[in-house]
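Chain order of the listed sequences is A and B. Take the first sequence: its letter number 152 is residue 152 in the UniProt record's numbering, and every next letter is one higher. Take the second sequence: its letter number 43 is residue 43 in the UniProt record's numbering, and every next letter is one higher. A short worksheet on the structure shown next.
Number of protein chains: 2
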Amino acid sequence: MRATVIHGPNDIRIEDVPDPRIQHPTDAVVRVINACICGSDLWAYRGVASRVPGQRIGHEFLGIVEETGSEVTGLVPGDFVVAPFVWSDGTCDYCRAGLQTSCPHGGFWGEVGSDGGQGEAVRVPYADGTLVRLPKDAATDTKLLPGLLALSDVMSTGHHAAVSARVRAGSTVAVVGDGAVGLCGVLAARRLGADRIIMLGRHRTRTDIARTFGATDVVAERGQAAIDTVKELTGGQGAHAVLEAVGTEESMRTAISVTRDGGAVGYVGVPHGGSSGVDISQMFDRNVALAGGVAPARAYIPELLTDLLAGVIDPSPVFDRTVDLDGVPDGYRAMDDRSALKVRITF
Amino acid sequence: MRATVIHGPNDIRIEDVPDPRIQHPTDAVVRVINACICGSDLWAYRGVASRVPGQRIGHEFLGIVEETGSEVTGLVPGDFVVAPFVWSDGTCDYCRAGLQTSCPHGGFWGEVGSDGGQGEAVRVPYADGTLVRLPKDAATDTKLLPGLLALSDVMSTGHHAAVSARVRAGSTVAVVGDGAVGLCGVLAARRLGADRIIMLGRHRTRTDIARTFGATDVVAERGQAAIDTVKELTGGQGAHAVLEAVGTEESMRTAISVTRDGGAVGYVGVPHGGSSGVDISQMFDRNVALAGGVAPARAYIPELLTDLLAGVIDPSPVFDRTVDLDGVPDGYRAMDDRSALKVRITF
């Protein structure tokens, strides 16, 4: 089969790789019908996160179960499924508590020895614990596919930020970062009943999507100017709940600064280095909490799926370009130079 | 009247100062009957936190209302009261939300221009919002006085750590720090239904108190050895809820390290400098949350008082020495050299 492989910074190739096959009785093989490129894949693409040359890449996909191991009981060939961006056994303490990202048997698609999502097929470990079944007719519903694909990461991650920031009915929310996760955070905050949603972002096409997702205000400034504007918009107090969807020192500093005393920052931007802008002294006096981390998408997909199928949420506008497998290297370039927000791959 | 005054590092004096008088119609004057020395007073005593020479000090006291301003409606002379360690107006958004420490009209006893708690009398701003009335007969109940005094700070702060760390029925809890706040954190965790409480501390007399407060395990090691032991005690997973009651880089690093994935650190140790041991990368992968800060004691006193009067909690063992006003400088020395855990001052 053919799959996306990363050989080094700016070196993404489509190559012939071995067909996946069942290795353990709990495995399934899934034929991919939709995948996508994530903002976090760009850290590898840019060389900030290191990869072994020849490593697979991609961690978001929809597909059809092709084969199942002898111990897989909840899936049969032909099932249409979505994969969360980590696999998990579904049975351990953490999985049962809804924190599948801490499953001791879990792993990330594309890590050494595993298949990546940006390929024609994927061997899925612990298929029963990992995959979520979708309605079969949705597999050919081209309008629904992008939204379903978003469940694998960005929509679930945006939701995790909102839950971690304690968004509730009537909250004033600020979202730092106008990437796909930040935009999905807007959608999640609106779904949880936020009254006011302030998007901090300066890319007009993205903040326009934020408005259609429920943002009531857009702040295009950065740094102290952004902080001042959010304070001004909130009667000097800041937002009850702040979603940090970038992961840089500056974005974290901004997020903490615009949080109302007693409020919380829900952080899902993959942190790059050390304390990343966390000033505990500033948090202490104001009782600002910090929660979040890598999103247990597997725990959230069922409830988000229900609302997606009911038309309550539609994250599909975060995809603004579609490529086939051969177009993936172009897709990376487009996301890297910000000419694309998020690229969907069809097979 | 006479009051404690700080002139510089290691320079605590008892001096004659002007008698407090009503300055605003919302003020009350309280005649102090019990006060105490706080671990956080030692930061000033040691010169780590700067003070203006001649500044008052002390922020925990019980007393009798002597005089009230014309707008005070909830208190009359003769009322027995406890003061939380900050004053607050009782009417603003933050006070109504139970975060009185963020009251825009609030302040700390002993800050420049205010009376400190370690003196014969105190002018109390916003008396209705600040003071909590106690049963009158308790004022002469020498057995009850130390526990009531603990409500002003250490018991409420320990409770804040426990609430912030999300202690609930069945939780496994770790408490970093065997000072008076950490010990009260043990008491608070037990009150909230913790199943197992691991005290990290190496002072035998203090960890013995922890055991009587409900600690099921004591870990005397520090640093990596302490982390390893807590992991061992918890099947490799760590504690659901960790109370950080020290405020140093090492204690915060330990607290985060012994937190179970998906758990929370409730931090109430006054942080000293920068990010103070917060490694966001380590928190991200494991979904460790960080919450807490300066405790809104005013919000907690009523519920804690109910349980204290009912005998459910008794924090009084945290006081292991009693001095009169002239003995206060000795009390500081004793707490500084750790020969005393917490010093009560009687008038």
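Where is the CB? At the ideal position from N, CA and C, for every residue including glycine. Note that this is a predicted model, so its numbers are computed, not measured.
Legend entry - Proximity winner among B/Met155, B/Arg190, B/Asp153, B/Ala180, relative to B/Ala169 (alpha-carbon distances): B/Arg190
Inset, instruction - Name the residue from A/Gly106, A/Leu325, A/Leu192, A/Ala138 whose alpha carbon lies nearest to the alpha carbon of A/Asp79. - result: A/Ala138
Inset, instruction - Write down the C-beta distance between B/Arg298 and B/Ser88 rounded to the nearest angstrom, noting that I regard them as a contact closer than 8 Å. - result: 6 Å
Legend entry - Alpha-carbon to alpha-carbon, A/Ala194 and A/Val167: 7 Å
Inset, instruction - Taking the CB atoms as reference points, tell me whether B/Gln118 and B/Ile345 lie closer together than 8 Å. - result: yes
Inset, instruction - Count the other CB atoms, across all protein chains shown, that sit within 10 Å of the CB of B/Ser156; report buried if there are 16 or more and exposed otherwise. - result: buried
Inset, instruction - Find out if the Cβ-Cβ distance for the pair B/Ala239, B/Gly263 is shorter than 8 Å. - result: yes
Inset, instruction - Quick one: list the residues of chain A neighbouring B/Pro25, beta-carbon separation under 9 Å, in chain order. - result: By Cβ distance, chain A contributes nothing, its closest Cβ being about 26 Å from B/Pro25, past 9 Å.
Inset, instruction - State the Cα-Cα distance for the pair B/Gly74 and B/Asp128, rounded to the nearest angstrom. - result: 6 Å
Legend entry - 6 Å Cβ shell around A/Thr68 - same chain, five flanking residues per side excluded: Ala28, Leu75
Inset, instruction - Per DSSP, which residues does B/Cys38 bridge with? Please list them. - result: B/Cys38 is not bridged to any residue.
Inset, instruction - Please look up how many angstroms separate the CB atoms of B/Val218 and B/Gly247, rounded, as I've assumed it's under 8 Å. - result: With 8 Å as the limit, B/Val218 and B/Gly247 do not qualify as a contact, their Cβ atoms being about 21 Å apart.
Inset, instruction - Taking a Cβ distance cut-off of 9 Å, strictly less, list which residues of the segment 279-291 of chain A are near chain B, in chain order. - result: Asp279, Ile280, Ser281, Met283, Phe284, Asp285, Arg286, Asn287, Val288, Ala289, Leu290, Ala291
Inset, instruction - Taking A/Asp261 as the query, report the chain B residues whose CB atoms sit under 7 Å from its CB, ordered along the chain. - result: Tyr94, Leu99, Ser102
Legend entry - Selected residue, minimal CA-CA separation from B/Leu151, among B/Gly327, B/Tyr300, B/Glu120: B/Tyr300
Legend entry - Contacts of B/Gly293 in chain A (Cβ-Cβ under 8 Å): Met283, Phe284, Asp285, Arg286, Asn287, Val288
Inset, instruction - Tell me where the alpha helix (DSSP H) around A/His159 begins and ends. - result: 154-164
Inset, instruction - Rounded to whole angstroms, what's the CA-CA distance from A/Gly331 to A/Glu250? Just pull it up for me. - result: 27 Å
Inset, instruction - Could you check which residue in B/Tyr45, B/Ala291, B/Leu341, B/Gly58 has the C-alpha nearest to that of B/Phe108? - result: B/Gly58
Legend entry - Amino acids of chain A, ordered along the chain, whose beta-carbon sits closer than 8 Å to that of B/Pro271: Ile280, Ser281, Phe284
Inset, instruction - Indicate the three-state DSSP secondary structure (helix, strand or coil) for B/Met1 in the structure shown. - result: coil
Inset, instruction - Flag this pair as touching only if the segment 85-102 of chain A and the segment 5-16 of chain A have three or more C-beta atom pairs under 8 Å; answer yes or no. - result: no
Legend entry - Segment contact flag, the segment 324-341 of chain A with the segment 37-48 of chain B, C-beta cutoff 8 Å, min 3 pairs: no
Legend entry - Element boundaries [alpha helix (DSSP H), containing B/Tyr332]: 328-336
Legend entry - Own chain residues within Cβ distance below 6 Å of B/Ile209, not counting five before or after: Leu183, Pro317
Inset, instruction - Rank B/Ser40, B/Pro329, B/Leu308, B/Cys92 by C-alpha distance to the C-alpha of B/Pro146 and give the top, closest one. - result: B/Leu308
Legend entry - Alpha-carbon spacing of A/Arg211 relative to A/Thr172, whole angstroms: 15 Å
Inset, instruction - Return the CA-CA distance between A/Val132 and A/Arg56, expressed in angstroms with no decimal places. - result: 23 Å
Legend entry - Spatial neighbours of B/Arg202 in its chain, beta-carbon cut-off 6 Å, leaving aside the 5 residues before and after: Ala220
Inset, instruction - Go through the segment 276-346 of chain A residue by residue and report every complete run of the alpha helix (DSSP H) that reaches 4 residues or more, in order. - result: 280-286, 297-309, 328-336
Legend entry - Entirely enclosed alpha helix (DSSP H) segments - the UniProt domain "Alcohol dehydrogenase-like N-terminal" (25-135) of chain A, minimum 4 residues: 41-45, 93-96, 127-130
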